[in-house]
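*Asks:* Chains A and B are the protein sequences, given in the same order.
Numbering-wise (UniProt numbering), the first sequence opens with residue 1 and increments by one.
Numbering-wise (UniProt numbering), the second sequence opens with residue 1 and increments by one.
For each residue, glycine too, the CB sits at the ideal point set by N, CA and C.
Just so we're clear, the structure is a prediction, and the values are computed from it rather than from any experiment.
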Amino acid sequence: MVRGTNVYGILRAPRAPRTEALVLSAPCSEGNNNNQAVGLLLGLAQYFRSQIHWAKDIIFLVNEHDLIGMQAWLEGYHHTNTTGGDWSPLQGRGGSIQAALSLELSSDVITSLDLVLEGLNGQLPNLDLANLFYAFCQKIGVLCTIQGKLQRNDWDTTSGYSHAAQTMMLMVLKQASGRPWGDHGLFLRYHIEAASIRGINSFRQYKTDTTTIGRLLEGMYRKLNNLLERLHQSYFFYLMPSLSRFVSIGYYMPAFGLLAVILLLRALDLWVQLGASPPGTEDGVAGGVQPSSPGVLSILTPVVISHMTGVALYTLPILSQEMAVQHFPVSETEAVVLTAIAIYTAGLALPHNTHRLLQGEGTEEGWRVLKLVALLYLAVLLGCTALINFSLGFILALSLVPIAAFITPHTPKALSAAIMVLLSPGCTLLYCVFLFQELQETPVSLQDGWMLFLSVISQGILDHALYGSLVYPLLALLIYPCWLLLWNILFWK
Amino acid sequence: MAAHKCNIFMLAFVLCGLTYVFVRADIEYTNHVKDAESGAVDIAPKTNIGASLQSTKTEDQTQTAEEERQWEAETNPADAPSDNKADHVHDTMQNLDSRPAPYAKDQTQEAAEEERQWEATEVKEADHGPDTMQTPDVPPPTPAKDQFQEELVIRPLHSGDIYASFQFRTMWDTDFLRGSKVSHYRLFPKSLGQVISKFSVRELHISFTQGYWRTMQWGQPFLPSPPGAELWVWFQDTVTDVDGAWKELTNVLSGIFCASLNFIDSTNTVQPSASFKPLGLGNVTDQRFLRYAVLPREIVCTENLTPWKKLLPCGSKAGLAVLMKSEKLFHSSFHSQALHFRPVCQDWKCKSTVWELRQTLNVVFDLHTSGQGKREWSLFKMFSRTLTEACPLASSSKVYVDVTDNPQGELFELSPTTPLLSQAVVLGDRRTYSVYDLTNQATFGQTRSLNMLLRWRAAESGDMLRPLLHGERYVAGYGLQTGEIHTLMYNNHPYRAFPVLLLETVPWYLRLYIHTLTVTSKGRDNKPSYIHYQPSKDRLRPHLLEMLVQLPPNSVTEVTVQFERALLKWTEYTPDPNHGFYVGSSVISALVPSVVAMDTNSTRECPLFSSFFPCKEESSYFMRVYTEPLLVNLPTPDFSMPYNVICLTCTVVAVGYGSLYNLLTRTFQVEEPSPGLAKRLANIIRRLRGVPLL
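(1) Kindly indicate which residue of Leu281(B), Leu295(B), Gly280(B) and Gln271(B) has the alpha-carbon position closest to the one of Gln287(B).
(2) Buried or exposed, going by whether 16 or more other CB atoms sit within 10 Å of the CB of Asn225(A)?
(3) Taking just the CA atoms, how far does Leu270(A) sit from Asn488(A)?
(4) Would you report the Cα separation of Trp410(B) and Arg455(B), rounded to the nearest angstrom?
(5) Compare the C-beta of Ile58(A) against all C-beta atoms of chain B and say whether one is closer than 9 Å.
(6) Evaluate Leu480(B) with the Cβ neighbour count: other Cβ atoms within 10 Å of its Cβ, from every protein chain shown; 16 or more gives buried, anything less gives exposed.
(7) In the region 123–211 of chain A, which residue ranges form an unbroken beta strand (DSSP E) of at least 3 residues, counting only runs that do not cross its ends?
(8) Please go through the same chain and pick out, in chain order, the residues whose beta-carbon is closer than 7 Å to the beta-carbon of Asn201(A), but skip the five residues on each side of it.
(9) Just the Cα atoms here: how many angstroms apart are Val172(A) and Gln273(A)?
(10) Are the region 144–152 of chain A and the region 249–268 of chain A touching by the rule of at least three beta carbon pairs closer than 8 Å?
(11) Where does Pro227(B) land, buried or exposed, given buried means 16+ other C-beta within 10 angstroms?
(12) With the cut-off set at 9 Å, would you say Gln71(A) and Tyr472(A) are in Cβ contact?
(13) Can you name, in chain order, every residue of its own chain whose Cβ lies under 6 Å from the Cβ of Val239(B), other than the five neighbours on each side?
(14) Take the Cβ of Tyr480(A) as the centre, count every other Cβ of all protein chains shown within 10 Å, and call the residue buried at 16 or more, exposed below.
(15) Compute the Euclidean distance between the alpha carbons of Gly160(B) and Leu253(B), then round it to the nearest angstrom.
(16) What residue range does the alpha helix (DSSP H) around Lys247(B) cover?
(17) Can you tell which of Met1(A), Arg3(A), Gln46(A) and Ala13(A) has its C-alpha closest to the C-alpha of His331(B)?
(18) Rounded to whole angstroms, what's the CA-CA distance from Ala26(A) to Asn33(A)? Just pull it up for me.
(19) Using DSSP with H/G/I as helix, E/B as strand and the rest coil, what is Cys345(B)?
(20) Tell me which residues share the same chain as Leu96(B) and place their Cβ nearer than 7 Å to its Cβ, disregarding the 5 neighbours each side in the sequence.
(21) Looking only at its chain, what residues have a beta carbon closer than 6 Å to the beta carbon of Gly219(A), apart from the 5 residues adjacent to it on each side?
(22) Please go through the same chain and pick out, in chain order, the residues whose beta-carbon is closer than 8 Å to the beta-carbon of Asn578(B), but skip the five residues on each side of it.
(23) From Thr157(A) to Gln447(A), what does the alpha carbon distance come to, in whole angstroms?
(24) Just reading off the beta strand (DSSP E) that Gln534(B) is part of, what are its end residues?
(25) Please list, in chain order, the chain A residues whose beta carbon lies closer than 8 Å to that of Tyr478(B).
(26) Using a Cβ cut-off of 9 Å, pull out every chain B residue sitting near Glu20(A), in sequence order please.
(27) Leaving out five residues on either side along the sequence, give the residues of the same chain with a beta carbon under 7 Å from the beta carbon of Tyr495(B).
(28) From the DSSP output, which residues share a beta bridge with Phe622(B)?
(29) Apply the 10 Å Cβ neighbour rule to Asp66(A) and answer buried if 16 or more other Cβ atoms are within range, or exposed otherwise.
(30) Does the CB of Glu229(A) have a neighbour CB from chain B at under 9 Å?
(31) Name, please, each residue of chain A whose Cβ falls closer than 8 Å to the Cβ of Ser332(B).
(32) Please confirm whether Arg49(A) has its beta-carbon closer than 9 Å to some beta-carbon of chain B.
(33) Threshold first: 3 residues or longer. Then list the beta strand (DSSP E) segments lying entirely within the region 524–571 of chain B, N to C.
(34) On the premise that Gly428(B) lies in contact with Thr621(B), defined as a C-beta separation below 8 Å, what is that separation, rounded to the nearest angstrom?
(35) What are the boundary residues of the beta strand (DSSP E) that includes Pro156(B)?
(36) Output needed for Ala164(B): all residues of its chain with C-beta closer than 6 Å, excluding positions within five of it in sequence on either side, in chain order.
Here it is as structure tokens:
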């Protein structure tokens, strides 16, 4: 139970009917973590008050407990309740919020400003917001970065290319995580274009004073104030290899499309095989019906059981948290994470149990039909995921498509099983953790990596509980069962 | 202002019952007299003017006497004669040829009656025209004529802003309803008069507002208005095709005021059953003759102000209207200009009606942005003009400054000082005003210009009494499918509940789920005692929801209703669909218990016998509160590149393929002109004979 207070003030625009608003927020918790930002926010509020050209109300918000405070404030403002948090009614409103910026200045010395775009469930603000930030940084002469990486001009050299690729990989990994990477992330659910601006202290030779940042923010708010419509002209789906360049949905979607086509082609192949095999083995049409009609149950059983496991993976860690804490010497967080891993691993033993339930032997037809179902299921699943959160869909496709394409009961069991386990969603997550650390130039040892992995799982579950992030339920309820189906095929008897 | 509206409103109803018989009985009489006098109007203006003044004054006096009988005047009795004299000076100035002798006689009479009259005349409501000292006893010998009054009220607000409210009142004594064609206009604007008589308008209220009145910081405005344009009209009951008249009228008004009133059509017009009753005389309350529409998106600017100023008798050449310079008026936090046309009683017996045109302009200046933090204002600072004269056509011209919070001058300093003070109960609160009479030359002093200067002494301006009623509205939820409209109504009265009428009009493209309507106050269900709901029809008419809700004391009442966002046809989107679609303000009308009556422990000096029952002077007053308009996003197709490509491709295909197809499939034939009759006969004969045809 977290209790906190958000403080906000509304600068009413003269001669505006309270229909539109902009938000400037600064997180502030106990300690003097973000004092600079709060001070700058107050200074800006005073400065904006004496200006007359505001056409939209400006809301200055200081939120406590970072994202939790922001979540509470947004839910209070929009009078919604998505995750069971509680808020007291707000006294003043400014109409529909058009755009928001969140300001975090963690250190006293600011050398550059970092733009954070990735929001809840991998949503991104309109690209024009990033363009606006970049344009003003150029104009004022502030060093600006994305993913903490400076832009390099040597595009054609290998090192420059790999630098840009690394920046983009970081964005892909962050987006795939589906968590809000700054306070702005929660605005995106309400169709409010938002970004976080983070002051960082990593390039010693440059130094930016607060006045300059204030000027930058003033410029950005003046621009946003002049908007007649919501930001909608530019892209909502993009990846950024640097602040001034982007990869649009038109370029990256084909890559994913090619991966998904493998699944569809494989499914088509199986379909043709299924149609062609009965005349080969038996004679007449009746032979085709004969093997497939008992198959319904044999297909349905693994599907249902894998989904039950998924449901268990989704619900049990939180349900059994209390019991686990009582009986084992673990903290509450550890209890949840370890239960999740235990259930995940227990799922691997599923094929044996499944076959115990089934009557008789699984036929050749049976695994083909099951694989057909699994392939189509996976294709639809990945397609939908990629449309909403491209990065997540792409990473899952990278790991799941190869095993989905090649898995049969006839491949060498031990080798295939090893590959399958290594490419399972859980292990993909582990690799992603290491890759992320590597890309951020903070490599970790195996031990630390494992701890990080555990914390990422707990974070994912927490994000789902607090902010309604969908990655954990997606993995637990849909992707993991799908992988289990493939696992079942491998151990088909 | 609302209080006045209310007064007139209430008075109208009271008087209606009393005078209806008289009026009916007098119709024939006046018709008789009219015939005789229609000539006399032009022939004998000298005798008419004085009488017109008398009779309208009389009306004012009776009203004040009736409504404000118990008000206490704290005026120096010595002021009355000077005020009086000033009015006389002005009157003589205005009516150069008015009779001097009766005036002298009046004056002697007045001197005799001053003792009992000064109270009633000095104590007047802020929006009442100031009046001359004329006795009500003098019988009006001839019918009245047009008359014009102007005034400006300046009220320093608790937030540090300055509220300036202009009022111009033109009385039009004519009878355009009885078929007599009015062709002579004196003070009343002809452009408006013609429109009103053509469309048989009984009452017309139109307002253009830029900005939102911040009730919680500024208190109540004299005349509330919603952001954007608002128009409501009561037609005469003789009008048969009300919709047609309404459509034409909005188009004509759109031309007169350079506004987008022509966008008013059936999709945003409603007929409220209870919220908008006539403010003037008349007993027709059948909503068939009422039309109400709001355009929340209307932007108000100079092009609306100029035609509005042109309706004034003096234009912006003289009088208070010289202060209205657009670059200053639109450099403000709030700007609202309005026009109210209604029938009022001609005299206290209300035997006949005159038409009142009331033009108001309300501005709130933000001194923080313009004054570099220094808290002082002057007329020149606000309007970049000073006052030099009253409008010569005006029978009264006054400037009021609200000095209620400053009885001993400890809070701010007002210069030049004026000995005239006036007290009135405005919006249920007792206010004191310093009065500057522009018809009195002494007001302008040596410099021959009046530039009031107000300088604050204290940094803080004290606590404001929270407005007793105020409203708020917002859209809840996220996503583009459904949403919920929340309307909050605050009753800040410590112990009294009062009923309010809530009017919500919602465009058809938000489909209200009326079964989800909830009204809660203090966590409990609050059942409205009256609900009038008219469902929308797609592309034809909006939702209309009216209800009467009892607001418990010191509470927030929340009205929620869910809606679904409709998908529009692609031609129905505005040019900027991603801006969102506006939903007009909801209107809360109420009779609010007055602040004066709230004070049961009577701390003021007043006779004991008058202070026992809590229902004292004006125990409640009428008030209208507008909530903010809403901006709602609808699901919008991507009107960008792909859309353009599709449009362009379709055009190319249509034009290119169409013409090619035409060329390919059409056959060309040369049509023979039909031969004449002689030729045909000749051909028949030739055929018979076997000779080749011609």
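*Replies:* In short, the structure shows the following:
(1) Nearest C-alpha to Gln287(B): Gln271(B).
(2) Counting Cβ neighbours within 10 Å, Asn225(A) comes out buried, since at least 16 surround it.
(3) Straight-line measurement puts the Cα of Leu270(A) at about 17 Å from the Cα of Asn488(A).
(4) The amino acid at residue 410(B) is misidentified as Trp; the sequence shows Glu. The alpha-carbon atoms of Glu410(B) and Arg455(B) are separated by roughly 11 Å.
(5) For Ile58(A), the answer is no, since every Cβ of chain B falls outside 9 Å of its Cβ.
(6) Its Cβ having fewer than 16 others within 10 Å, Leu480(B) is exposed.
(7) Within the region 123–211 of chain A, the complete beta strand (DSSP E) runs of at least 3 residues are 144–146 and 193–200.
(8) Answer for Asn201(A): Ser107, Val109, Ile110 and Thr111, listed in chain order.
(9) One C-alpha to the other measures close to 38 Å.
(10) The region 144–152 of chain A is not in contact with the region 249–268 of chain A.
(11) Burial state of Pro227(B) is buried, judged by a 10 Å Cβ sphere holding 16 or more other Cβ atoms.
(12) No. Outside cutoff.
(13) Ser200 and Ala245.
(14) Flag for Tyr480(A) reads buried.
(15) The alpha-carbon atoms of Gly160(B) and Leu253(B) are separated by roughly 36 Å.
(16) DSSP places Lys247(B) inside the alpha helix (DSSP H), whose first and last residues are Val242 to Phe257.
(17) If we check each option's Cα against that of His331(B), Ala13(A) comes out closest.
(18) Using only the alpha carbons, I get a separation of about 11 Å.
(19) Strand at Cys345(B).
(20) Summary for Leu96(B): the model assigns pLDDT 34, below 50, so the residue's position carries little reliability; its value from the coordinates is reported in the next sentence. None.
(21) Phe136.
(22) Once the five neighbours on either side are set aside, the close Cβ partners of Asn578(B) are Asn633 and Thr636.
(23) Each residue's Cα considered, the two are about 36 Å apart.
(24) Note, Gln534(B): beta strand (DSSP E), Tyr530 to Gln534.
(25) Correct list: His78, Thr80, Arg189, Tyr190 and His191.
(26) Neighbours of Glu20(A) on chain B, chain order: His579, Gly580 and Leu631.
(27) The answer, listed in chain order, is Pro553.
(28) Leu591(B).
(29) Buried: at least 16 other Cβ atoms inside 10 Å.
(30) Closer than 9 Å: yes.
(31) Those within 8 Å of Ser332(B) in chain A are Pro14 and Arg15.
(32) Chain B contact via Cβ: present.
(33) Qualifying beta strand (DSSP E) stretches, in chain order: 530–534, 543–551 and 555–565.
(34) The question names Thr, but residue 621(B) is Tyr in the sequence shown. Contact check for Tyr621(B) and Gly428(B): beta-carbon distance about 5 Å, within the 8 Å limit, so the pair qualifies.
(35) Looking at the DSSP string, the run of the beta strand (DSSP E) that includes Pro156(B) is Gln147 to Pro156.
(36) Cβ neighbours of Ala164(B) beyond the five flanking positions: Ile154 and Val363.
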